[in-house]
Amino acid sequence: MRAGITPRLAAIWLSLLFVALGPGAAAAQGLEDLRRLLADEHEVDLYGFVEVRGGLRLYRRENEKDGSIAETRLQLDLARQMESGAFKLKTDLVADGVEERLKAELREAHYSFSPSGNLDVRLGRQVLTWGTGDLLFINDVFAKDWQSFFIGRDDEYLKLPADAVRIGLFSEAVNLDLVYQPLFTPSRYIDGSRLSYWHGPQGRVAGRDLVFADDERLRYFRDHDLALRLSRNLGGIEYALYGYRGFWSTPEGMAPATMKLVYPRLSVYGGSVRGATAGGISHLEFGYYDSREDRAGSNPNLRNSEIRLLAGHERELARDLTGGIQYYLEHKQKYGNYLAALPPGSQAADKDRHLLTLRLTQLLWQQTLRLSFFAYWSPTDQDAYLRPKLHYKITDQWAAETGGNIFLGRHDHTFWGQFADNTNAYLSFRRSF
Numbered sequence: 335m336r337a338g339i340t341p342r343l344a345a346i347w348l349s350l351l352f353v354a355l356g357p358g359a360a361a362a363q364g365l366e367d368l369r370r371l372l373a374d375e376h377e378v379d380l381y382g383f384v385e386v387r388g389g390l391r392l393y394r395r396e397n398e399k400d401g402s403i404a405e406t407r408l409q410l411d412l413a414r415q416m417e418s419g420a421f422k423l424k425t426d427l428v429a430d431g432v433e434e435r436l437k438a439e440l441r442e443a444h445y446s447f448s449p450s451g452n453l454d455v456r457l458g459r460q461v462l463t464w465g466t467g468d469l470l471f472i473n474d475v476f477a478k479d480w481q482s483f484f485i486g487r488d489d490e491y492l493k494l495p496a497d498a499v500r501i502g503l504f505s506e507a508v509n510l511d512l513v514y515q516p517l518f519t520p521s522r523y524i525d526g527s528r529l530s531y532w533h534g535p536q537g538r539v540a541g542r543d544l545v546f547a548d549d550e551r552l553r554y555f556r557d558h559d560l561a562l563r564l565s566r567n568l569g570g571i572e573y574a575l576y577g578y579r580g581f582w583s584t585p586e587g588m589a590p591a592t593m594k595l596v597y598p599r600l601s602v603y604g605g606s607v608r609g610a611t612a613g614g615i616s617h618l619e620f621g622y623y624d625s626r627e628d629r630a631g632s633n634p635n636l637r638n639s640e641i642r643l644l645a646g647h648e649r650e651l652a653r654d655l656t657g658g659i660q661y662y663l664e665h666k667q668k669y670g671n672y673l674a675a676l677p678p679g680s681q682a683a684d685k686d687r688h689l690l691t692l693r694l695t696q697l698l699w700q701q702t703l704r705l706s707f708f709a710y711w712s713p714t715d716q717d718a719y720l721r722p723k724l725h726y727k728i729t730d731q732w733a734a735e736t737g738g739n740i741f742l743g744r745h746d747h748t749f750w751g752q753f754a755d756n757t758n759a760y761l762s763f764r765r766s767f
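To convert, count from 1 in the sequence shown and add 334; that's the working numbering.
Below, the structure written as structure tokens:
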């Protein structure tokens, strides 16, 4: 059944649109004037945008809100280059019509400096990323915001910031990246508060009627994690090795006594290769996920260890048209022990989960219009996730975007199938300065 637009929701969206296109645009112009002043007088760079974004669920679900997203966002991005280093501050102020609240989000606040010519240090809140995948992650174990990704926020918001120390050491032999987080930063997972999900213990799809709580890790310098990357470029091909010691970034365990989700201890060991082949760019990545609290695979409340594999290729198919494909595998370890420990009546996961992705991007109208399509399809789960998107650059300052998040699946318990009721479409307008 298609979702209806309630008068209250329509009023919220119209208010947000008025703010963005009226006073919001005037504010952006004022901030643009401030940017010029800061650059001239204080050597400070200031950029940002004002954006309104609204979206609807395409199917009605009892006890769930019709609106998937309804927000006005102001982002300020401030940077200053000094003799001793560089400081960067990026913060968002958001009026959220779905959650009905005003919130501030600190995206970045870090200081970068180079004690020597081959050593870089960054301290503070920052967005961390590495690996080779296109919207698939193996050795990139850093926090993600899956809620933002599934409701139609800009792709920038898939990556959650973390408070960390990042050190880069460069040499002719090898480059080293080291990341230390004194307090583990978890991903923002689907808990039912905004998107519905498959609730295994009750064997049904749940949402706001059953919001999952987790047992957060809050002990500084005890609930910490460490990640490293060794890389080298040889003949135009980049080789890398990765290591991580910390926790599953999503709560892949449950405490039976409290029925709360928990973040089990995890180590990851992997590698990747990336370079030019067959008229495009190819990549290969692998990782071993060592679930340290259940190496035997006999605890049904904790996720088993896994081997993960990713291979992909991207190339230009025609003028202003690019395409990319990927193959991804999750291979569950100790599968026999996993099946033996599974409670009666529980839905068993497959030993191997296969996933294929396709990306197509077409640029038109002197590259002011970008049409993109990204698809995930799992032949083992028999489900899929489609992300069509149209982005139009109206002027140098104004841009409009529309798209959707379409979830398909034969079964409610599979990864994409559980989100079928969350299928949505969205529209946004952005004024940059």
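Backbone N, C-alpha and C define an ideal beta-carbon position, used for all residues, glycine too.
The structure displayed is predicted, hence computed values, not measured ones.
Indicate the three-state DSSP secondary structure (helix, strand or coil) for residue i in the structure shown.
| i | result |
| --- | --- |
| Ser632 | coil |
| Glu490 | helix |
| Tyr476 | The sequence shown places Phe at residue 476, rather than the Tyr named in the question. Looking at Phe476 - three-state DSSP - the assignment turns out to be coil, as it is neither helix nor strand. |
| Pro495 | coil |
| Ile485 | helix |
| Ala683 | coil |
| Gln701 | coil |
| Phe504 | coil |
| Gly458 | strand |
| Tyr672 | helix |
| Phe471 | coil |
| Phe749 | coil |
How many Å lie between residue i and residue j at the Cα?
| i | j | result |
| --- | --- | --- |
| Ser505 | Lys424 | 31 Å |
| Arg336 | Thr757 | Below a pLDDT of 50, predicted positions are generally treated as unreliable, and Arg336, at 43, falls in that range; the measurement from the model is reported next regardless. Distance between the alpha carbons of Arg336 and Thr757 is about 11 Å. |
| Ala589 | Ala498 | 28 Å |
| Leu568 | Ala574 | 11 Å |
| Asn638 | Ser766 | 46 Å |
| Leu595 | Ala652 | 48 Å |
| His617 | Ile472 | 12 Å |
| Leu412 | Thr463 | 21 Å |
| Thr466 | Leu564 | 14 Å |
| Asn397 | His647 | 43 Å |
| Ser762 | Thr695 | 19 Å |
| Ala709 | Asp559 | 32 Å |
| Glu664 | Gly631 | 15 Å |
| Gly338 | Ala759 | Low local confidence applies: a pLDDT of 48 at Gly338 is under 50, so the model's placement there is unreliable, and no value is given. |
| Pro722 | Leu690 | 16 Å |
| Gly389 | Glu735 | 11 Å |
| Asp746 | Trp699 | 41 Å |
| Gln731 | Arg764 | 8 Å |
| Gly431 | Trp711 | 32 Å |
| Lys399 | Leu673 | 37 Å |
What are the start and end residues of the beta strand (DSSP E) that includes residue i?
| i | result |
| --- | --- |
| Ser565 | Asp559 to Leu568 |
| Gln515 | Asn509 to Gln515 |
| Glu442 | Arg435 to Ser450 |
| Asn397 | Segment: none, Asn397 is in no beta strand (DSSP E) and carries neither H nor E. |
| Gly389 | Val378 to Arg391 |
| Asp430 | Ala420 to Asp430 |
| Gln716 | Unbroken run through Gln716: none, as it is neither H nor E. |
| Ala759 | Asn758 to Ser766 |
| Ala733 | Trp732 to Gly743 |
Let me see if you follow: with CB-CB separation under 8 Å, is residue i close to chain D or not?
| i | result |
| --- | --- |
| Phe581 | This model lacks chain D altogether; it includes just one protein chain. |
| request: Any chance you could list the alpha helix (DSSP H) runs of at least 4 consecutive residues sitting entirely within the region 605-668, in chain order? | output: Runs found: none.
| task | Return the chain-ordered ranges of every beta strand (DSSP E) run that is complete within the region 519-594 and spans a minimum of 3 residues. | result | 531-533, 538-540, 559-568, 571-581 and 587-589
| Just checking, does the region 529-548 make contact with the region 674-684 on the three C-beta pairs under 8 Å criterion? | As far as the Cβ criterion goes, the region 529-548 touches the region 674-684, which means the pair count is three or higher.
| task | Mind the definition here: the region 513-521 touches the region 484-493 only if three or more C-beta pairs lie below 8 Å; say whether that holds. | result | no
| Is there contact here, the region 535-553 with the region 387-394, by at least three beta-carbon pairs under 8 Å? | Put simply, the region 535-553 does not touch the region 387-394. Fewer than three CB pairs are less than 8 Å apart.
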